[in-house]
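Residue numbers (my numbering): 117 to 247.
Written out as structure tokens, the structure reads:
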């Protein structure tokens with residue numbers, strides 16, 4: 117199971133990204149990324165990250181109980197200080213975190229407006245593989 121901890125629900129992913137998640141992990145489930153107020157101090161963000169580590173760890177434990185052979189990871193993208201704290205904490209438990217990589221395609225229209233499109237390429241681990 118791949119847990120999608122981001123502001124972009126699986127339904128909004130490109131077909132190729134959804135297919136990659138399902139092919140590699142069997143299922144992709146959303147866990148909405150938290151609102152991170154800019155006024156928060158690092159210790160508050162760290163506590164918030166700990167809460168999400170607990171949520172995601174519990175989801176993975178439940179999935180592993182249902183399907184002992186499942187490969188599990190967390191796709192995490194969002195506010196950088198939270199992501200850093202989350203990845204550090206959950207990696208200590210042997211759970212892999214991934215980022216989506218994309219190719220940026222820029223097209224300049226006749227009126228000079230530049231339109232960017234992002235094309236999913238692959239998932240990349242934040243740390244060395246933990247398996």
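Virtual Cβ for every residue (Gly too), placed ideally from N, Cα, C. The structure displayed is predicted, hence computed values, not measured ones.
Candidates the options: closest to residue i by CA position
i, options, result
"residue 163", "198, 127, 153", "198"
"residue 117", "211, 156, 167", "211"
"residue 153", "195, 227, 229, 208", "195"
"residue 150", "184, 161, 157", "161"
"residue 209", "172, 225, 181, 228", "172"
8 Å Cβ cutoff met for residue i and residue j
i, j, result
"residue 213", "residue 237", "no"
"residue 145", "residue 123", "no"
"residue 202", "residue 216", "no"
"residue 179", "residue 188", "yes"
Cβ-based burial, residue i [other Cβ within 10 Å; buried from 16]
i, result
"residue 247", "Confidence in residue 247 is poor, its pLDDT being 46 and thus under 50, which makes the residue's placement unreliable; the coordinate value appears in the next sentence. Residue 247 is exposed by the Cβ-count criterion."
"residue 169", "buried"
"residue 174", "exposed"
"residue 137", "buried"
"residue 176", "buried"
"residue 139", "exposed"
Cβ shell of residue i (< 6 Å), same chain only, five flanking positions each side left out
i, result
"residue 243", "207"
"residue 223", "231"
"residue 143", "117"
Own chain residues within Cβ distance below 8 Å of residue i, not counting five before or after
i, result
"residue 125", "146, 148"
"residue 141", "117, 118, 186, 187, 188, 189"
CB contact check: residue i to chain D, cutoff 8 Å
i, result
"residue 125", "Any reference to chain D falls outside this structure, which holds one protein chain only."
Close beta carbons around residue i, own chain, < 7 Å, minus the five adjacent residues each side
i, result
"residue 165", "198, 201, 202, 205"
"residue 220", "232, 234"
"residue 225", "231"
Which complete beta strand (DSSP E) runs does the segment 154–239 hold, if anything under 3 residues is left out? 189–192, 212–224
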